[in-house]
Every structure is written in structure tokens, then in C-alpha cells.
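Enquirer: What the sequence shown shows, in this note's numbering, is residues 11 to 233, in sequence order.
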Amino acid sequence: MTAPRRRAPDPELVQMYRQGVPAPKIAAAKGMAESTVRYHLHLAAQTEPGLRDEHQAALGKAIRNTAAGMRNLNDTIAFFEAEGRLPTTGGKSARERSLGSWLHARRQAAEAGTLSPLYREGLAAIPGWDTQSSRTEVNAARWDQRLAELSDYRAAGHDWPRHKGPATEQERVLGVWLHVQRISLREGKLTPDREGRLDGQLPGWREGRARSGGRRTASRPGD
11 MTAPRRRAPD
21 PELVQMYRQG
31 VPAPKIAAAK
41 GMAESTVRYH
51 LHLAAQTEPG
61 LRDEHQAALG
71 KAIRNTAAGM
81 RNLNDTIAFF
91 EAEGRLPTTG
101 GKSARERSLG
111 SWLHARRQAA
121 EAGTLSPLYR
131 EGLAAIPGWD
141 TQSSRTEVNA
151 ARWDQRLAEL
161 SDYRAAGHDW
171 PRHKGPATEQ
181 ERVLGVWLHV
191 QRISLREGKL
201 TPDREGRLDG
211 QLPGWREGRA
221 RSGGRRTASR
231 PGD
């Protein structure tokens, strides 16, 4: 059974080229002959005179970003070696969150077949770096992110966020999350690790806002 013929010029091949991917890399990613890819690009260039300029501009941007990208690559590998895990977008520090975002973008590039060979070779030192995160990992990363956001929120001088009658969307999101943590604690569903992190980073999180006169509200479902 022969593979279906691609419409020429194929939009997918043209878009990859437009994003700065050279013809040989497109051919390798798609399992096609390089001459076939160049044929598609030649036809596309006839109707889009600026296509090659767009390719060069995208290629130049990738080159300009190499220095920053290499720093991120080296820091990601160092983070993995030190922590035994990959950085996440919900990490404890701003640098970890930045590396988590960079790594997410590299996963997307790998899936699209546009990842730089330099990055691919470097990241190969980390087993499973390009696998999709499980739902459990995604939920854990989101929990970490909310904890960091609430820590920053409190550090900025705000009172405990409310999930009822909030002043802003940020307060609502953080208030709902904090409300869920209190419920989980009362129902015995909050893990010791998470309870310890909440106690360490957010002293007083169980009690909630102070009432008039200095007394704090109890940890009730409506807090």
C-alpha cells in the first residue's frame, strides 16, 4: 500500500520552513526525500515571494536565542542532577518556573519535529524529558504553582484571599484553592508533605482572616 500523495505545495511542510526549519530537517522529520520537500517549497515560493525571507528571519531568531537557550539547557540538566526531577512551571523559585516553561516549549518543538539538534542532543542526558506529563504530575505542578502564587500574594501584604465576595479574579482563584486545602485538612485528605509545606510557607493558613478585635476566624467551610 503506497502512502497518500501530498497536495503540492503541502501547507505543513511550508509552515515548518516558514518557522525556520531547513529543508533537510523537514525531510528527516517527515520521512521524505529532501528533493520532494524542496519541490514543495519551490512551488510555495512562486506564490509567496516573501517565504524565503520569512525562513531566514525565523532562522536568525533561533540563532540569536542560542546563547540564552544553552544557558537554559545547562541549567535544566544541572537542576535534574541536583533535584532528581525536572523543573516545572509551578516550581518554588522563579528560575525553576522559567526553566519549566522553557522545557515545555522544547517538548512542543520535539513533537512538531522542529527541535534544534543541539537541544535534542543535550536533553538526551535526561531520561524521559520529552514524555507527556501524567494527570497526577499536572495536578501536582498546579498545586505547587498555587502555593507559590499564594506565598507571593501574602508577601505582597494582602490578607488571606476569600473565595466568596473576592475583589479580584486572582483573589478568587487563590481563595478557592485555599478553601479546598482547609477542607482536605479537616477530612484527613491532605498529605503530610503538603500540610508541612503549607505550615512552613504560609503560617496561619488554617485560621483565616482576623475578625474585628484581632481574633481570627475558625477554619470553617465558608472561610
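Virtual Cβ for every residue (Gly too), placed ideally from N, Cα, C.
Only a predicted model underlies this, so the values are computations on that prediction, with no experimental measurement involved.
Between the alpha carbons of W170 and D203, how many angstroms are there, rounded?
Expert: Taking the sequence shown and counting its residues from 1, one reaches residue 170 at position 160. Taking the sequence shown and counting its residues from 1, one reaches residue 203 at position 193. Cα to Cα, the separation comes out at about 22 Å.
Enquirer: Helix, strand or coil: which one does DSSP assign to A68?
Expert: Here residue 68 is taken as the residue at index 58 of the sequence shown, counted from 1. A68 falls in the helix class under three-state DSSP.
Enquirer: Have a look at R81, K35, V47, R28 and flag the residue whose alpha-carbon is nearest the alpha-carbon of P59.
Expert: Against the sequence shown, residue 59 aligns to sequence position 49. The residue with the shortest Cα to Cα distance from P59 is R28.
Enquirer: My guess is that L195 and R216 are in contact by the Cβ rule of under 8 Å, so how many angstroms apart are they, rounded?
Expert: Reading the sequence shown from its first residue, position 185 is the one you call residue 195. Reading the sequence shown from its first residue, position 206 is the one you call residue 216. 7 Å between Cβ atoms; contact.
Enquirer: Of all the alpha helix (DSSP H) runs that stay within the bounds of the segment 92–154, which reach a length of 4 or more residues?
Expert: 104–122, 127–133
Enquirer: How far does the alpha helix (DSSP H) with D209 in it extend, from its first residue to its last?
Expert: Taking the sequence shown and counting its residues from 1, the one referred to as residue 209 is at position 199. Its alpha helix (DSSP H) spans residues 202–211.
Enquirer: Run through DSSP, which three-state label would A18 get?
Expert: Numbered from its first residue, the sequence shown carries residue 18 at position 8. Residue state, collapsed to three classes: coil.
Enquirer: With DSSP collapsed to three states, give me the class of A158.
Expert: Numbered from its first residue, the sequence shown carries residue 158 at position 148. Note: A158 maps to helix in three-state DSSP.
Enquirer: T12: buried (16+ other C-beta within 10 angstroms of its C-beta) or exposed?
Expert: Residue 12 sits at position 2 when you count from the first residue of the sequence shown. Annotation note: pLDDT 45 at T12 (below 50); position unreliable, coordinate value reported separately. It is exposed - the Cβ of T12 has fewer than 16 other Cβ atoms within 10 Å.
Enquirer: What is the rounded straight-line gap between the Cα of A78 and the Cα of Y129?
Expert: Counting from 1 along the sequence shown, the entry for residue 78 is found at position 68. Counting from 1 along the sequence shown, the entry for residue 129 is found at position 119. Distance between the alpha carbons of A78 and Y129: 12 Å.
Enquirer: Less than 8 Å between the C-beta atoms of F90 and I36, yes or no?
Expert: As a working note, residue 90 is residue 80 in the sequence shown. As a working note, residue 36 is residue 26 in the sequence shown. Not closer than 8 Å, so no.
Enquirer: Could you give the distance in angstroms between the alpha-carbon of D85 and the alpha-carbon of H114?
Expert: Numbered from 1 along the sequence shown, position 75 holds the residue referred to as residue 85. Numbered from 1 along the sequence shown, position 104 holds the residue referred to as residue 114. Whole-angstrom Cα-Cα distance: 15 Å.
Enquirer: Take the Cβ of M80 as the centre, count every other Cβ of all protein chains shown within 10 Å, and call the residue buried at 16 or more, exposed below.
Expert: Here the question's residue 80 lines up with position 70 in the sequence shown. Result: exposed.
Enquirer: So for A247, helix, strand or coil by DSSP?
Expert: The requested residue 247 does not occur in the structure, where the chain is confined to residues 11 to 233.
Enquirer: Using the Cα positions of R62 and P97, report the straight-line distance between them to the nearest angstrom.
Expert: As a working note, residue 62 is residue 52 in the sequence shown. As a working note, residue 97 is residue 87 in the sequence shown. About 36 Å.
Enquirer: Starting from the C-beta of P176, find all residues in its chain whose C-beta is less than 6 Å away, skip the five residues before and the five after it, and write them out in chain order.
Expert: Locating residue 176 in the sequence shown gives position 166, counting from the first residue. R182, G185.
Enquirer: Within the continuous alpha helix (DSSP H) that includes W187, where are the two ends?
Expert: Within the sequence shown, residue 187 is the residue found at index 177, counting from 1. DSSP places W187 in the uninterrupted alpha helix (DSSP H) bounded by 179–196.
Enquirer: A248 by DSSP, collapsed to three states: which one?
Expert: With the chain represented from 11 up to 233, any question about residue 248 goes unanswered, as that position is not in the structure.
Enquirer: Can you tell me the Cβ-Cβ gap for T201 and A151, rounded? I've got them flagged as a contact below 8 Å.
Expert: On the sequence shown, residue 201 is found 191 positions in, with the first residue counted as 1. On the sequence shown, residue 151 is found 141 positions in, with the first residue counted as 1. In fact, because the Cβ distance is near 15 Å, the residues do not count as touching under 8 Å.
Enquirer: Closer than 8 Å by C-beta to R164: which residues in its own chain qualify, once you throw out the five before and the five after it? Chain order, please.
Expert: Locating residue 164 in the sequence shown gives position 154, where the first residue counts as 1. Taken in chain order, the residues that qualify are W170, L212.
Enquirer: G206: which of Q191, A54, W187 sits nearest, CA to CA?
Expert: The sequence position of residue 206 within the sequence shown is 196, counting from 1. Nearest option by C-alpha distance: Q191.
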